[in-house]
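If you're matching positions, the sequence shown starts at 65 in my numbering and goes up one per residue.
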Amino acid sequence: MSARLFTLTRLHQKIDERLHLARQRPAPDSLELTRLKKMKLRVKDLIQRLARSAPQADHTTRRPSAG
């Protein structure tokens, strides 16, 4: 996993935690919830784009087995 992909994944997790905490409040701020949801979605989209554009190391590094 690239450093950028790792960083985005951690950011996505942190936003998810903040979203969970915001929902647990007695009177959740709907604007904050919307902002966090949009931010989480943007990060998810970046992760997916980066994952699609990354070379598939699985296919390029495999060697045929002897046998």
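Idealized CB from N, CA, C, for every residue including glycine.
Near Thr73, what residues of its chain come up, given a Cβ to Cβ distance below 7 Å and the 5 sequence neighbours on each side ignored?
-> Counting from one through the sequence shown, the residue named residue 73 turns up at place 9. The answer, listed in chain order, is Ile111.
*Do Leu100 and Ala86 have their C-beta atoms closer together than 8 Å?*
For the purposes of this step, residue 100 is identified with residue 36 of the sequence shown, where counting begins at 1. For the purposes of this step, residue 86 is identified with residue 22 of the sequence shown, where counting begins at 1. Yes. Within cutoff.
Leaving aside the five residues before and after Arg82 along the sequence, list all residues of the same chain whose C-beta is less than 8 Å from its C-beta, in chain order.
-> Stepping through the sequence shown from its first residue, residue 82 is reached at position 18. The answer, listed in chain order, is Leu100.
| message | With H, G and I counted as helix, E and B as strand and the rest as coil, what does DSSP make of Gly131? | response | The sequence position of residue 131 within the sequence shown is 67, counting from 1. Bear in mind that a pLDDT of 49 at Gly131, under 50, signals an unreliable position, so the number given afterwards is only what the model happens to contain. Coil at Gly131, not helix or strand.
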